[in-house]
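Residue numbers (our numbering), protein chains in the order written: chain A, 3 to 530; chain B, -1 to 283.
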Ligand code: HEM
Ligand SMILES: [Cu+2]
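Okay, here's the thing in structure tokens:
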């Protein structure tokens, strides 16, 4: 019994699908769509990265050299938005597209045509954001969190950003409904929930978070829009509203959002560590429960971003303790990864290096998070470079490193070719070095009181800023190496063996040839 | 095997998504430009809407055709159920944002603005003058609140009744009585349309007689945004019900396979429930 019927009436497949550009425009194949997501994300990563280089160039020394303050603010705003919504999130969705059907033995995503739409909304939103630099008044400049009143006062750029966010939200919602449905409905017979690979589990939970909070973001940007143009008073105290209300609604979305960007990363690392330690994942079920508790808790901690915005003390206490509680399931995960490696027969190929780098640096970010969660300390560090350091440790050396690990891990499966292990190792070590050079010193800057989102600074911050900028340029250049590695892997990589990672146990490695065929699991495998 | 396809249907490559994306391209730029009073915007908006409507006809038409051709087996049906369920959850969360804003203003921001600490800012805004409904301390334009027991109560009755008629239609469909199904569907759509007409009348009344506007501070903002988005959803729901009615006339759906019908019914009930929330929290309280 064949389990997939393609092109209407089941006369085979890969026969009459369009070629050339139309293949990519019209495709309903999860692998094509996954690739488009990944390339889109890489493109946005370089655009967002260019903005970051601009920011660090301006901050290389005190005074205003390159970017006027207005433009500087546009750079920081769009850097954040592009990296979060354009680079990190689509990359994970791309991975889900490629991997989820293969890891659960499904022929494709549940809604293959809608899947195409989820992707093709992204370039539309991306163009809204990028074009906004060139309209009168320039791009949005109120920070990626676009707090009113600044965002109520901005010009056309803010409106373009609002509609970009609406479209991105629609894309994410369709994407996550697709992922949830695929996972719940299309697993191979015998693949019970508690046998699913961790990557699939983390994506299932992430997709739940997405359907819960993306609509809230859509709601809050809509209120912003009507406050801007239709005279409503949601964020206007004169009308009985409150700018702080915006912050509450935004962070009700925003904090789960940061977990949306890290849970799939947890999943990736939970696949890679067992493979290269050649041991099953330690504490599988505790991993599942930890992921679920992180997701649930993450909906009740949002106001830790607002400790200095004005809040009753009871509120501060509640959000402080709730936030600190998240560190517990997070620590369970770190413990389990470490225990998986304990006495394993480990090898250190590039995916493993990035995963270990992830654990090491993510833990630093987790600790600085707990420090930020302590109200009296946060009152000092709020809106300083300390917070910047914190979230780059969790997002760059967390989410991004895990994405690199995933790319190296699955490139052989996707392309049939191996990447260059030597260059991959260089990529890791250079990234590791320059990342820390860029961001570790920002902890000191923040503790010493350097505010974020300001193009100029007092003289005593000059040395650390210079180090940070040099690190940033190095980090940026290193990522060009990644692009080179990927392209040369696709173009001229050595042919990959059927199973390059002998410790891998998930379906895409055990049940499918390398490279994975265009249509996989037309007949579902039976899982014992 | 039975008539039903044993395969999970994966649609062929399709142009509809990119058509939809180009619609949103025009809508996104068009809306942003329009709101900044730039000429180009209006045209782009119009083009965007035209493409969007074209896409909906084409895409949903294709889905209906595939469904009638028997391409969707039980597993695909389950997918649609999950998909629609989660979609409705996202809609619920969207409304939650606005209900949350209403809650926050009434419970926190307005009492705070009226308390002793803020005496210097707006001395005239105190516990007495800040009673709900209010336009806030800085908006002087007086308005009259929208009462609950006139039109809104009638509207509640209309929507609740439409839920009942829809259920009768569903039972008739399951019993295989197509004519009866269609009759009750028409009744449901009619109730929805009457509801919308009442709502439009109410808005006119608010603007003309009560001086209640979007710009009427906290009360006006939450009143119009909540009822407005709800009305928009009723509108979408009524259009979907109409489409389903036409499909019933065209002989679509069978007594035991009609998720297209059920999905829209779920949506309609969801819109109903949101209204109950509105009636209590916006009109009554
Ligand atoms: C143990 C876990 C964590 C704790 C306790 C924690 C705590 C915090 C706190 C209290 C803040 C607010 C600091 C301030 O603005 O003064 C913050 C900011 C932030 N965190 Fe975390 N965090 C944790 C993990 C993460 C993770 C995993 C991510 C993302 C992957 C993340 C991303 C962010 C971002 C983006 C911001 C800054 C947002 C902004 O103001 O622009 N955090 N975190
Ligand atoms: Cu947070």
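Quick reminder that beta carbons are idealized off the backbone N, C-alpha and C, glycines included.
Can the beta-carbon of residue i be found closer than 7 Å to that of residue j?
{"i": "residue 15 of chain B", "j": "residue 122 of chain A", "result": "yes"}
{"i": "residue 265 of chain A", "j": "residue 276 of chain A", "result": "no"}
{"i": "residue 445 of chain A", "j": "residue 391 of chain A", "result": "yes"}
{"i": "residue 209 of chain A", "j": "residue 404 of chain A", "result": "no"}
{"i": "residue 30 of chain B", "j": "residue 504 of chain A", "result": "no"}
{"i": "residue 353 of chain A", "j": "residue 296 of chain A", "result": "no"}
{"i": "residue 342 of chain A", "j": "residue 279 of chain A", "result": "yes"}
{"i": "residue 166 of chain A", "j": "residue 206 of chain A", "result": "no"}
{"i": "residue 17 of chain B", "j": "residue 53 of chain B", "result": "yes"}
{"i": "residue 187 of chain A", "j": "residue 264 of chain B", "result": "no"}
{"i": "residue 123 of chain B", "j": "residue 112 of chain B", "result": "yes"}
{"i": "residue 334 of chain A", "j": "residue 203 of chain A", "result": "no"}
{"i": "residue 498 of chain A", "j": "residue 414 of chain A", "result": "yes"}
{"i": "residue 80 of chain A", "j": "residue 141 of chain A", "result": "yes"}
{"i": "residue 212 of chain A", "j": "residue 270 of chain A", "result": "no"}
{"i": "residue 535 of chain A", "j": "residue 78 of chain A", "result": "One cannot answer for residue 535 of chain A here, as it falls past the ends of chain A, which runs 3 to 530."}
Going by DSSP, which residues form a beta bridge with residue i?
{"i": "residue 229 of chain B", "result": "According to DSSP, which records beta bridges pairwise, residue 229 of chain B is partnered with nothing at all."}
{"i": "residue 159 of chain A", "result": "A:141"}
{"i": "residue 453 of chain A", "result": "A:386"}
{"i": "residue 419 of chain A", "result": "A:497"}
Quick check: what's the CA-CA separation for residue i versus residue j?
{"i": "residue 217 of chain A", "j": "residue 227 of chain A", "result": "15 Å"}
{"i": "residue 440 of chain A", "j": "residue 528 of chain A", "result": "49 Å"}
{"i": "residue 86 of chain A", "j": "residue 144 of chain B", "result": "42 Å"}
{"i": "residue 487 of chain A", "j": "residue 371 of chain A", "result": "33 Å"}
{"i": "residue 266 of chain B", "j": "residue 357 of chain A", "result": "48 Å"}
{"i": "residue 408 of chain A", "j": "residue 368 of chain A", "result": "21 Å"}
{"i": "residue 8 of chain B", "j": "residue 85 of chain B", "result": "21 Å"}
{"i": "residue 47 of chain B", "j": "residue 23 of chain B", "result": "11 Å"}
{"i": "residue 451 of chain A", "j": "residue 58 of chain A", "result": "18 Å"}
{"i": "residue 15 of chain A", "j": "residue 251 of chain A", "result": "For residue 15 of chain A, the pLDDT reaches just 47, beneath the cut-off of 50, and the residue's location in the model is therefore unreliable, although a value from the coordinates is still provided. The straight-line gap from Cα to Cα measures roughly 47 Å."}
{"i": "residue 514 of chain A", "j": "residue 522 of chain A", "result": "7 Å"}
{"i": "residue 306 of chain B", "j": "residue 146 of chain B", "result": "Absent from the model: residue 306 of chain B. The displayed extent of chain B is -1 to 283, so no value can be given."}
{"i": "residue 158 of chain A", "j": "residue 229 of chain A", "result": "14 Å"}
{"i": "residue 64 of chain A", "j": "residue 145 of chain A", "result": "21 Å"}
{"i": "residue 272 of chain A", "j": "residue 201 of chain A", "result": "7 Å"}
{"i": "residue 67 of chain A", "j": "residue 61 of chain A", "result": "9 Å"}
{"i": "residue 135 of chain B", "j": "residue 244 of chain A", "result": "12 Å"}
{"i": "residue 116 of chain B", "j": "residue 315 of chain A", "result": "19 Å"}
{"i": "residue 219 of chain A", "j": "residue 346 of chain A", "result": "44 Å"}
{"i": "residue 171 of chain B", "j": "residue 183 of chain A", "result": "27 Å"}
{"i": "residue 239 of chain B", "j": "residue 187 of chain B", "result": "6 Å"}
{"i": "residue 260 of chain A", "j": "residue 453 of chain A", "result": "22 Å"}
{"i": "residue 109 of chain A", "j": "residue 525 of chain A", "result": "8 Å"}
{"i": "residue 248 of chain B", "j": "residue 56 of chain B", "result": "17 Å"}
{"i": "residue 243 of chain B", "j": "residue 91 of chain A", "result": "40 Å"}
{"i": "residue 211 of chain B", "j": "residue 215 of chain A", "result": "29 Å"}
{"i": "residue 173 of chain A", "j": "residue 26 of chain B", "result": "14 Å"}
{"i": "residue 442 of chain A", "j": "residue 479 of chain A", "result": "19 Å"}
{"i": "residue 125 of chain B", "j": "residue 282 of chain B", "result": "21 Å"}
{"i": "residue 317 of chain A", "j": "residue 109 of chain B", "result": "17 Å"}
{"i": "residue 140 of chain B", "j": "residue 152 of chain A", "result": "28 Å"}
{"i": "residue 249 of chain A", "j": "residue 304 of chain A", "result": "9 Å"}
{"i": "residue 43 of chain B", "j": "residue 164 of chain A", "result": "16 Å"}
{"i": "residue 466 of chain A", "j": "residue 76 of chain A", "result": "24 Å"}
Let me check you understand the geometry: is the CB of residue i closer than 6 Å to at least one non-hydrogen atom of ligand 4?
{"i": "residue 257 of chain A", "result": "With respect to small molecules bound, the structure shown includes ligand 1 and ligand 2 and not ligand 4."}
Quick test of your reading: residue i and residue j, contact by CB under 8 Å. State the CB separation rounded to the nearest angstrom.
{"i": "residue 490 of chain A", "j": "residue 422 of chain A", "result": "7 Å"}
{"i": "residue 129 of chain A", "j": "residue 219 of chain B", "result": "No, residue 129 of chain A and residue 219 of chain B are not in contact; Cβ-Cβ is about 31 Å, not under 8 Å."}
{"i": "residue 197 of chain B", "j": "residue 165 of chain B", "result": "About 23 Å separates the two Cβ atoms, so there is no contact after all."}
{"i": "residue 107 of chain A", "j": "residue 36 of chain A", "result": "17 Å between Cβ atoms; not a contact."}
{"i": "residue 253 of chain A", "j": "residue 308 of chain A", "result": "7 Å"}
{"i": "residue 89 of chain A", "j": "residue 46 of chain A", "result": "5 Å"}
{"i": "residue 115 of chain A", "j": "residue 12 of chain B", "result": "5 Å"}
{"i": "residue 245 of chain B", "j": "residue 261 of chain B", "result": "Wrong, their Cβ atoms sit about 12 Å apart, outside the cutoff."}
Ligand 1: which residues have Cβ under 6 Å from any of its heavy atoms, chain order? A:147, A:260, A:263, A:264, A:306, A:307, A:325, A:328, A:329, A:332, A:368, A:371, A:372, A:374, A:375, A:380, A:383, A:384, A:389, A:392, A:393, A:396, A:397, A:400 and A:401
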